[in-house]
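Chains as they are written, first to last, in my numbering: chain A, 1 to 241; chain B, 1001 to 1397; chain C, 2001 to 2292.
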Amino acid sequence: MTAAAGPLLELAGIRAGYGDFQALFDISLEVRAGEIVTLIGANGAGKTTTLRVISGSLRATAGTVRFDGHDITQLPAHAIPERGISHVPEGRQLFPHMTVEENLDLGAYNRRSRPRARAALDDQLALFPRLKERRRQLAGTLSGGEQQMVAIARGLMAAPRLLLLDEPSLGLSPKITEEVFARVQDIGKRGVTVLIVEQNVVDGLSISDRGYVIENGRVVMHGAAAALLRDDKIRAAYLGL
Amino acid sequence: MRPTWLLGALLVVSVGAACKGKQGDGKTIRVGVVTSLTGSQAAFGLAHKNGYTIALNEINAKGGVMGKPLEVVFYDDQSKPDQAVQGVAKLIDQDHVPLILGSFGSENTRAMVPAVDQRKVPLIVPTATADNIMEAGSPWVFRICAGSSAYATSTTNFLKDNGAPRTLALIYENTNFGQSNAAAMKTVATAAGMTVVADEGYQPKSPDYKALLQRVKAKEPEVVYYASYLLDAVTLMRQSEEVDFNPKFVTSAGTGFSAAEFPTSTDKGAGKYAEYTFSVSQWLPSSPWAGSKEFDEAFTKLTGGHPAYHATQAYAALLLAADVLSRAKSDQPTAIADALRKTKLDTAFGPIQFDAKGQNAHPVSITQVQHGQYKLVWPGDSAESKPVATPAWSERH
Amino acid sequence: MEFTLRALQAVLNGLLTGSLYALIGMGMALIFGVMRIVNFAHGAFLMVGMYATYMLYDHLHVTPYVGFLVAAALLLGIGVLTYHGLLRWVAERSHFMQILLTLGIALILTGGAQLVFGADYHKANLPLLDVNLHLGRHITINAPWLLSFAITVVLATGMFLFVMKSRFGRALRAIAQNRYAASLMGIHVVRTEALAFGLGLAAVGFAGGLLLPVFYLYPTVGDEFTGKAFVIVVLGGMGSIEGAAVAGVVLGVIESLTSLYWGNEWALTVDFAIFLGVLSLRPSGLFGSQRV
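See below:
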């Protein structure tokens, strides 16, 4: 899609875990600017852990994370949004006792995004018209689909160059899921690079350029999204065909 | 992890320090003292300690007891009853003292009674006035100060001699000391024909007693009888002015209202708010007993201020202990208790002799704060000054 | 008439005391709301604030009405240091560890105060204490209480606005509601929590300074306030600072009315009856469970 010199995001030989439990053994992947890339894998394969390592919530025990040519492996979570990475975590993780607007505002908390918070809010409300109606409502009282919209919009408030999306369809009806994915596609069209973790393999891959398959903390396969969708092993393992 | 270790280490250190009870080396005679050196009653505990110290120096200057120097092992009960009991256990079980003096307050002293009774070690009570300390009936407890009934009797007789007011309000802290004194006053005053129009216990150490005082004020008592420690006595008097509470006689069961600091205007006292208040008293520097003046001088030299009766009681208690040990010629608790029962000793605090229940019959007089000083105003034959009915706050300036 | 006026006076007194309770309770609610730690050293820190104000008054003749600002600044600093030195390390541990730690801090502070200042108590006898304002014949207000009340209202309102409206306050609330998401927003959780703990202590610094003129001071003076603050936090809805503000005032008024109509000795009993009642009937507090 673009002709950037190197990849926007590059993971090389990442190992990570929780206490004594090692979740990632060797993760290497890259995301080029403007791409939508999907991580596929079974529950517990290490997809979410990979996103957490990128966003600084979990420190890698080995390997490097490079973003836009800079080593960000050792950066703490709170320093990541300022670099241009937004992480929309699994399960929405909204601030339930704050209004939609307050939630969105916190998305632009970091110093780089703050000056443009006002304009960013208008952008998000235009992108998600439903949220405009609900802007003064407490986030905890919204429906699941609306909450997911808030979570994504909050991530976009930082005007990120890379958006990490963890299971955006989790718990949503097929109709709402479709809508969410349509929005993600829109976001990609606006030039935001997206790395998405999705259990719903067909939906995920069908809006993506490329995909990586993770098993037991290792990348076992990767390729163009369309090619993966046709792959027999993938169809057998993840699509039940 | 670090903070846990720190905390653990601290615990180990403090427990270790607590366990390191000194064993007597046989070169001294030891007695134990429990008093409140820290906590809310520390002002009185320090007065105790000064009294004991003066007595100890006197005793040892005269050659000690049974040819050996007397040694006092202090235990600070932190103004808490459970700590006072701990003190008894520690002094007897670890330091092996055959005689204990203390504590300061009624709450703590009452808690110590079963502990000494169980271990069969005599206890000399210097200052605690609650009647239930003696009513427990322990043969090991000997009290040199007057109890709350004696306080109530003297106050009632004083009132009878001064126009016999009819209505009485009781305001007292909700502790053994306060309840015991209020109950005694209620009994004695009712028997004398007075009506108790308000009976108000309170939570000690509160910042605000105005509602309580308003409530009592509405009953319009002629007399109010307080049983309070110093902190609350000061607050109560200040806030009496605020709510314009004007009984004709502001009387009290001593303690806070008789503390040396109470009528002073330092940061501790009530200053001008203390003026005209009456209090029971067990001793004044001007008391007629031999040694009163000398003790007053020694105390003033040590601390720079005059003693209240609590210090004198501690002083007399240790002199009594030395007398008893000399007569018992033994460090066995039983022999010491026997000697206590046969006591006949003149002290600066007056003569000490115990009745069958272990109580010393000590006379109780009444003082009034006049021009910032405690003046003996009752009984009439020894009075320094005439009692003055308490004027209304609005008439004072 | 007389009856109504007496009740009115009691309510007024309750408001005056309650405003200080509110400030103390708001500090504890802030700490609890953000960190989920019940600060059992709250009263001990109040005591530190009182001693700081007293020392300034006694040695340098600084009035407590200026001194309380210094006490608050001091406690803010102590709070940040305590967080970094101790609390931070138990943030993810069991509640038992946290209770043990804050109780330990309380013991060390109280013991330290006894060593440094002695167990004896002190009072700042300001000339202002002798000033009473009379409203009609029956209503009296003691000037220092009124002044403390006025300052407390300003501080409590300021604290509320700061937490609800400012950028930093929004970050605090974000941590309280979702610590993980807060860090993803770029909020420096550790630094913000340290400041939150500092602010919670600054509230007792303010309160301590304002309490000094109307109360007395000794090393264990704070113990009772820890209990009251805890009651207020539960009553206000665990961790809601506006709930704590209202609960503090309510508690002050209830205590005062209890004292007037039922007797002072019941005040503490009523406190704890309310506490147990709220816990068993409405565990989310009288005013809902909205966190900070």
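Note that the Cβ used here is the ideal one computed from N, Cα and C, for glycine as well.
> Where does H1371(B) sit, in a helix, a strand or coil, going by DSSP?
Replying inline: Taking the first residue of the second sequence as 1, we reach residue 1371(B) at position 371. In this structure, H1371(B) counts as coil in the three-state DSSP scheme.
> What are the boundary residues of the beta strand (DSSP E) that A224(A) is part of?
Replying inline: For the purposes of this step, residue 224(A) is taken as residue 224 along the first sequence, with counting starting at 1. Bounds of the beta strand (DSSP E) holding A224(A) are R218 to A224.
> Around the C-beta of K1293(B), are 16 or more other C-beta atoms found within 10 angstroms, so that it is buried, or is it exposed?
Replying inline: To locate residue 1293(B), count along the second sequence from 1; it is residue 293. That one is exposed.
> When the Cα atoms are used, what is the spatial distance from S57(A) to G155(A)?
Replying inline: The residue labelled residue 57(A) in the question sits at position 57 within the first sequence. The residue labelled residue 155(A) in the question sits at position 155 within the first sequence. S57(A) and G155(A): Cα-Cα distance of roughly 15 Å.
>> Tell me which residues of the stretch 2167–2187 of chain C have at least one Cβ-Cβ distance to chain A shorter than 9 Å, keeping chain order.
In response: Along the stretch 2167–2187 of chain C, going in chain order, the ones with a CB nearer than 9 Å to a CB of chain A are R2167, R2170, A2171, R2173, A2174, A2176, Q2177, N2178, Y2180, A2181, A2182, S2183, L2184, M2185, G2186 and I2187.
>> Considering just the uninterrupted stretch of the alpha helix (DSSP H) at I2274(C), what are its terminal residues?
In response: As a position in the third sequence, residue 2274(C) is number 274, starting the count at 1. DSSP places I2274(C) in the uninterrupted alpha helix (DSSP H) bounded by A2267 to L2281.
> Which chain C residues sit within Cβ distance under 7 Å of D1077(B)?
Replying inline: By one-based count along the second sequence, residue 1077(B) stands at place 77. None at all; the shortest Cβ gap to chain C is about 11 Å.
> Within the 8 Å Cβ cut-off, does N2039(C) reach chain B?
Replying inline: The residue given as residue 2039(C) occupies position 39 in the third sequence. No Cβ of chain B is located within less than 8 Å of the beta carbon of N2039(C).
> With distances taken from CA atoms, which of S2284(C), E2224(C), F2162(C) and A2071(C) is nearest G2209(C)?
Replying inline: As a working note, residue 2209(C) is residue 209 in the third sequence. Ranking S2284(C), E2224(C), F2162(C) and A2071(C) by CA distance to the CA of G2209(C) puts A2071(C) first.
> According to DSSP, which residues form a beta bridge with H87(A)?
Replying inline: Position 87 of the first sequence, counted from the start, is the residue given in the question as residue 87(A). According to DSSP, H87(A) shares a beta bridge with L164(A).
> In the stretch 1176–1210 of chain B, which residues sit with their C-beta less than 9 Å from some C-beta in chain C, listed in chain order?
Replying inline: Those would be D1199, E1200, G1201, Y1202, Q1203, K1205, S1206, P1207, D1208, Y1209 and K1210, in chain order.
>> I'd like to know whether the C-beta of S1394(B) is nearer than 8 Å to at least one C-beta of chain C.
In response: Working through the second sequence from its first residue, we reach residue 1394(B) at position 394. The Cβ of S1394(B) sits no closer than 8 Å to any Cβ of chain C.
>> Using the Cβ count rule (16 or more neighbours within 10 Å means buried), how would you classify R59(A)?
In response: Working through the first sequence from its first residue, we reach residue 59(A) at position 59. Classification for R59(A): exposed.
>> Using a Cβ-Cβ cutoff of less than 7 Å, which residues in the same chain neighbour N1246(B) once the five nearest sequence positions on both sides are dropped?
In response: One-based indexing of the second sequence puts residue 1246(B) at position 246. The answer, listed in chain order, is A1392 and W1393.
> Are there 16 or more other CB atoms within 10 angstroms of the CB of I234(A), so buried, or fewer, so exposed?
Replying inline: Counted from its first residue, the first sequence places residue 234(A) at position 234. Result: buried.
>> My output table needs one value for K1293(B): the three-state DSSP class, helix, strand or coil.
In response: Along the second sequence, one-based indexing puts residue 1293(B) at 293. Three-state result, K1293(B): helix.
> If you draw a straight line from the alpha carbon of E1261(B) to that of L2212(C), how long is it in whole angstroms?
Replying inline: As a first step, residue 1261(B) is located in the second sequence; it is residue number 261 there, counting from the start. As a first step, residue 2212(C) is located in the third sequence; it is residue number 212 there, counting from the start. C-alpha separation (whole angstroms): 19 Å.
> Is there at least one Cβ from chain C nearer than 8 Å to L1212(B)'s Cβ?
Replying inline: As a working note, residue 1212(B) is residue 212 in the second sequence. Cβ-Cβ to chain C under 8 Å: yes for L1212(B).
> What are the residues of the stretch 2241–2258 of chain C that lie near chain A, defined by any Cβ-Cβ distance shorter than 9 Å?
Replying inline: Within the stretch 2241–2258 of chain C, no residue qualifies.
> What are the start and end residues of the beta strand (DSSP E) that includes R15(A)?
Replying inline: Against the first sequence, residue 15(A) aligns to sequence position 15. Residues L9 to Y18.
>> Using a Cβ-Cβ cutoff of less than 8 Å, which residues in the same chain neighbour L162(A) once the five nearest sequence positions on both sides are dropped?
In response: Counting from one through the first sequence, the residue named residue 162(A) turns up at place 162. If we look at L162(A) and ignore the five residues flanking it on each side, its Cβ neighbours are L8, L9, V31, F67, G84, I85, S86, V192, T193, V194 and L195.
> Opposite H2134(C) in the DSSP bridges: which residues?
Replying inline: Here residue 2134(C) refers to the residue found at position 134 when the third sequence is read from its first residue. Partner(s): T2140(C).
>> On the CB-based measure, 16 or more other CB atoms within 10 Å of its CB, does P76(A) come out buried or exposed?
In response: Here residue 76(A) is taken as the residue at index 76 of the first sequence, counted from 1. Looking at its Cβ environment, which holds fewer than 16 other Cβ atoms inside 10 Å, P76(A) is exposed.
>> In this structure, how does DSSP classify G1021(B) when only helix, strand and coil are distinguished?
In response: Translated into the one-based positions of the second sequence, residue 1021(B) becomes position 21. Here G1021(B) scores only 41 on pLDDT, less than 50, and its place in the model should not be relied on; the value that follows carries that caveat. In the three-state DSSP reduction, G1021(B) falls in the coil class, being neither helix nor strand.
>> Considering only DSSP beta bridges, list what L1230(B) is partnered with.
In response: Along the second sequence, read from residue 1 onward, the residue named residue 1230(B) stands at position 230. BP columns for L1230(B) are empty, so no partner.
> Considering only C-alpha positions, which residue in the set K1342(B), A1308(B) and T1109(B) is nearest to V1125(B)?
Replying inline: By one-based count along the second sequence, residue 1125(B) stands at place 125. Relative to the Cα of V1125(B), the nearest Cα in the group K1342(B), A1308(B) and T1109(B) belongs to T1109(B).
>> Here's the rule I'm using: 16 or more other beta-carbon atoms within 10 Å means buried, otherwise exposed. How should K1329(B) be labelled?
In response: Translated into positions along the second sequence, residue 1329(B) becomes position 329. So K1329(B) ends up on the exposed side.
> Between which two residues does the beta strand (DSSP E) harbouring D1199(B) extend?
Replying inline: Mapped onto the second sequence, residue 1199(B) falls at position 199. Per DSSP, the continuous beta strand (DSSP E) segment holding D1199(B) begins and ends at T1195 to Y1202.
>> I want to verify the contact list: residues of chain A whose CB lies under 9 Å from the CB of V2080(C), in sequence order.
In response: Residue numbering aside, residue 2080(C) sits at position 80 when the third sequence is read from its first letter. Proximity of chain A to V2080(C) at the Cβ level (cut-off 9 Å) is not reached, the minimal Cβ distance being about 17 Å.
>> Against chain B, with Cβ distances strictly below 8 Å, would G2049(C) count as a contact?
In response: If you number the third sequence from 1, residue 2049(C) lands on position 49. Not one chain B Cβ lies under 8 Å of G2049(C).
> Do you know offhand how far Q93(A)'s Cα is from K2165(C)'s?
Replying inline: Position 93 of the first sequence, counted from the first residue, corresponds to residue 93(A). Position 165 of the third sequence, counted from the first residue, corresponds to residue 2165(C). If I take the Cα positions, the gap works out to 22 Å.
> Should G2263(C) be flagged as near chain B, meaning a C-beta pair shorter than 8 Å?
Replying inline: The residue labelled residue 2263(C) in the question sits at position 263 within the third sequence. Taking Cβ atoms only, chain B reaches closer than 8 Å to G2263(C), which makes this a yes.
>> In whole angstroms, give me the CA-to-CA distance for T1334(B) and L1099(B).
In response: Sequence index remark: in the second sequence, residue 1334(B) carries index 334 (1-based). Sequence index remark: in the second sequence, residue 1099(B) carries index 99 (1-based). Going by the C-alpha atoms only, they are around 10 Å apart.
> How many angstroms separate the CA atom of A16(A) from the CA atom of S55(A)?
Replying inline: Residue 16(A) sits at position 16 when you count from the first residue of the first sequence. Residue 55(A) sits at position 55 when you count from the first residue of the first sequence. For A16(A) and S55(A), the distance between alpha carbons rounds to 13 Å.
> Excluding sequence positions up to five away, which residues of its chain have a Cβ less than 7 Å from the Cβ of A2113(C)?
Replying inline: Mapped onto the third sequence, residue 2113(C) falls at position 113. These residues qualify, in order along the chain: M2047, Y2051 and P2219.
> Excluding sequence positions up to five away, which residues of its chain have a Cβ less than 6 Å from the Cβ of H1310(B)?
Replying inline: In the second sequence, the residue the question calls residue 1310(B) occupies position 310. So the list reads F1044, A1047 and T1127, once near-sequence residues are dropped.
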